[in-house]
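In what follows, a structure is listed as structure tokens, so that the remarks can point back to it.
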Amino acid sequence: MKRILLALLIGILLANCADKNNEPTDLTNLEKAQGGNETKLEFIEEWNQLELTQTDDKYGEWGGDTDRILIYFNEKNIFADYSKYLGSKEPPMPPKENEKPKKWFEHKKLDYKIDSVKLNTYQLELIEKAIIELTKLRINSKSHPFSSEFVNSVISSDSSLILKNYQSNQWKSFQKLKKSIIDK
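Going by numbering that gives the first Met the number 0, the residue at position 134 of the sequence shown is 133; the numbering climbs one at a time, nothing skipped.
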């Protein structure tokens with residue numbers, strides 16, 4: 000698994016470094032070179048969703064508040080759901096008997112939720128930038144998590160893309176995406 004992730008990261012780095020015309024390789028130039036004018040994110044489809052999460056360090060080792068953006072495809076468009084879960088100083092309650100398994104942050108109190116926001120081209124570009132930004136943050140960080148820090152992740156529902164980073168609170172593209180969804 001580590002070799003596959005390493006190969007993927009090297010591929011992304013090489014793609015970002017390739018520049019035959021001495022022009023910056025930002026998303027706009029990449030789209031022009033491909034002959035398109037939109038970011039498509041084709042791996043997001045009916046059977047594959049993308050989840051971006053950020054948990055702050057408000058309560059030390061128990062984490063803090065969690066922001067979650069779920070990106071999914073419905074018919075011809077890509078949508079997002081935004082949820083904010085509140086952290087607590089107390090450890091999470093153990094699951095009830097015969098309870099359906101939940102993600103770790105779903106045990107927290109739901110504070111805010113926005114459903115079915117149709118994403119525009121700018122927001123799709125922010126998703127792509129957020130993935131690339133978290134990849135760069137990850138490869139430039141130590142591999143072990145520390146307590147009392149931010150936890151950032153990008154996970155596809157088919158598990159073909161899993162990025163987790165424990166030491167960065169400056170995931171700027173995620174913050175811009177979150178703001179654009181909340182402000183809509």
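Built from N, CA and C at the ideal position, the CB exists for glycine as well.
- Runs of the beta strand (DSSP E) lying entirely within the stretch 108-161 and spanning at least 3 residues, in chain order: 108-117 and 150-155.
- In the three-state scheme derived from DSSP, where H, G and I count as helix and E and B as strand, SER167 is classed as coil.
- In this structure, ASP114 places its C-beta atom within 8 Å of the C-beta atom of ASP80.
- For ILE180, the CB contacts under 6 Å within the same chain, skipping 5 residues up- and downstream, are ALA79, TYR81 and VAL116 in chain order.
- In the structure shown, GLU50 falls within a strand segment according to DSSP collapsed to helix, strand and coil.
- Between the alpha carbons of LEU123 and ASP157 lies a gap of roughly 20 Å.
- When the five nearest sequence neighbours on each side are left out, the beta carbons in the same chain lying within less than 6 Å of the beta carbon of LYS163 are those of SER152, in order along the chain.
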